[in-house]
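Visitor: The structure under discussion is supplied below as structure tokens; questions concerning it will follow.
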Amino acid sequence: MQWGEGKDNFAIDPPNATVSVLGRDGSEVNDAVVTLKAPKLEGNTPTFDVDVLEGSLNSASGPAALFIDAFAVRGPRGGGFAHV
Numbered sequence: 217m218q219w220g221e222g223k224d225n226f227a228i229d230p231p232n233a234t235v236s237v238l239g240r241d242g243s244e245v246n247d248a249v250v251t252l253k254a255p256k257l258e259g260n261t262p263t264f265d266v267d268v269l270e271g272s273l274n275s276a277s278g279p280a281a282l283f284i285d286a287f288a289v290r291g292p293r294g295g296g297f298a299h300v
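Here the sequence shown is numbered in my numbering, starting from 217 and rising by one per residue.
Laid out in structure tokens, this is it:
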């Protein structure tokens, strides 16, 4: 499925995510909750525009991880689901 395909697509209802960044010495973690928008693939690197909902990464300088909200896909008859 593409970002803007289907009735309930990410272009209409973009996913939230948490960006977690370690400090240089690993002693602190900075988090920001963001909404991911306008995905692009630049070479092998995915990039997004974001709206920051909570937190700040202004002083963050170490390794980072992106945790994107999970979603469920319902079966063809509405029963059951699979996490994607």
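By construction, the Cβ of each residue, glycine as well, lies at the ideal position given by its N, Cα and C atoms.
(1) So, at 8 Å on beta carbons, what are the nonlocal neighbours of V268 in its own chain, with the 5 sequence-adjacent residues on each side left out?
(2) Where does H299 sit, in a helix, a strand or coil, going by DSSP?
(3) Based on DSSP bridge pairs, tell me the residues matched to G271.
Guide: In terms of the structure at hand:
(1) A248, V249, V250
(2) Caution is warranted here: a pLDDT of 48 is assigned to H299, below 50, making its placement in the model unreliable, and the coordinate value is therefore given only provisionally. Looking at H299 - three-state DSSP - the assignment turns out to be strand.
(3) A248
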